[in-house]
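> Mind having a look at this structure? Questions to follow.
Residue numbers (our numbering): 1445 to 1848.
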């Protein structure tokens, strides 16, 4: 992975045209991984519900997960607001007119009609039972999986053949992921080469302070989450980094957190998190625990307001934060979806014009990497915390100390 990232950066820098031509390698890898995500989400959630053996136990895990996800989102918004107000990345920045970038914004909005917070609820219910797996949205899959899981609990022994078939399908999917993941260095190579070839190493320019602000805010949030895991389970941050380094490198190279979902589940189980809990918390986290997106929303919004010299009163900032609690759930771990969530936020509140977001498009790929890394780490730590909250005792896998 490191060789692929470095080689892609070098080719994109020295031969931009060749780097742009390598873009399909990254796109093909992400598409190959994402095509497996809906069935994996479905099977792991159904298994998680069934393994609990009772709707009450499953409901308790869901409530704990949602409560923790909400708390993480609140902390993420608070950290992002504090760091942005301290660094003031938008001060003195020349902003293009509201009309600039209109075509790019229209392209970002294509395929997702954003009408407000109610749109989030409507998107949960698919048009048909099977369209949930073809729409490219995680929310309908979560809804259908929940119905099937609780339905299997209701019919009891009559559903045992279906449960066995789902368990076998899960094993098959993990085997397929094992084949596909071997192409991760090639995918990262193509994705990085295209990005650097298109935007150049010197992409920072006048927006460098915004990138640094987002990175600092996300780093602070990750430090808080890792500290919480260390206090509750005894697993330190360096050990977590060592255990999940391959997954983080894949996320860094592809800017997508979805591609490592099955590997996160496997490694969390190895750490002692029950399969029934991990099968619920990890998939749910991909829609309800996008901590990186939450930080990005408040950082980008305050950045644009400052750059446009739009004063926001404490009450207006509080309203933005309340809206972001909802809109931060509008992205489902897909590359660039955080930008769509930003557009939704700005479209709901009139103070900051939506058109100003056009200035962020050129560096959104790099901001997306920071968001994806943060959300992936948040999902890992949240699963460990929920497992500990539920009475499990996660710890280092057997033999890890000797391997070190």
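Ideal placement from N, C-alpha and C gives every residue a C-beta, glycine not left out.
Which class does residue 1833 belong to by DSSP, given the choice of helix, strand or coil?
Helix at residue 1833.
> Grab the span of the alpha helix (DSSP H) containing residue 1662 for me, first residue to last.
First-last of the alpha helix (DSSP H) with residue 1662: 1652 to 1677.
> Run through the stretch 1687 to 1759 for me and flag every whole alpha helix (DSSP H) of 4 or more residues, listed as ranges in chain order.
List check, alpha helix (DSSP H) in window: 1689 to 1698, 1705 to 1714, 1719 to 1732, 1735 to 1751.
> Identify, in the order they occur along the chain, each residue of the same chain with its Cβ nearer than 7 Å to the Cβ of residue 1704, setting aside the five sequence neighbours on each side.
Closer than 7 Å at Cβ, skipping near neighbours: 1691, 1694, 1695, 1820.
> For residue 1865, does the three-state DSSP call read helix, strand or coil?
Summary: the structure shown does not reach residue 1865, with the chain confined to residues 1445 through 1848, and so no result is reported for it.
> Give me the Cα-Cα distance between residue 1827 and residue 1585, rounded to the nearest whole angstrom.
About 20 Å.
> Using the C-alpha atoms, what's the distance from residue 1572 back to residue 1683?
Those two C-alpha atoms are separated by around 44 Å.
> Given 8 Å as the limit, is there contact between the stretch 1746 to 1754 and the stretch 1599 to 1617, that is, 3 or more CB pairs closer than that?
No contact exists between the stretch 1746 to 1754 and the stretch 1599 to 1617.
> Going by beta carbon distance, what residues of the same chain come within less than 6 Å of residue 1541, once the five residues before and after it are set aside?
Note that residue 1541 has pLDDT 43, beneath the 50 cutoff, so the model's placement of it is unreliable and no number is given.
> Starting from the C-beta of residue 1824, find all residues in its chain whose C-beta is less than 8 Å away, skip the five residues before and the five after it, and write them out in chain order.
1684, 1688, 1708, 1712, listed in sequence order.
> Can residue 1740 and residue 1815 be called in contact, C-beta distance under 7 Å?
Yes.
> In three-state terms, what does DSSP make of residue 1508?
Three-state result, residue 1508: helix.
> Taking the C-alpha atoms as reference points, what is the distance between residue 1517 and residue 1723?
Cα to Cα, the separation comes out at about 21 Å.
> For residue 1832, is the classification buried or exposed, using 16 other Cβ atoms within 10 angstroms of its Cβ as the cut-off for buried?
Buried, by the Cβ-count rule.
> Taking 6 Å as the limit between beta carbons, can you name the residues of its chain near residue 1520, skipping five residues before and five after?
Result list for residue 1520: 1665, 1735, 1738, 1739, in chain order.
> What is the C-beta distance between residue 1630 and residue 1463, in whole angstroms, given that I count them as a contact (C-beta under 8 Å)?
Rounded, the Cβ-Cβ distance is 14 Å, inconsistent with contact.
> Can you grab the Cα-Cα spacing for the pair residue 1456 / residue 1637, in whole Å?
Between residue 1456 and residue 1637, the C-alpha separation is close to 4 Å.
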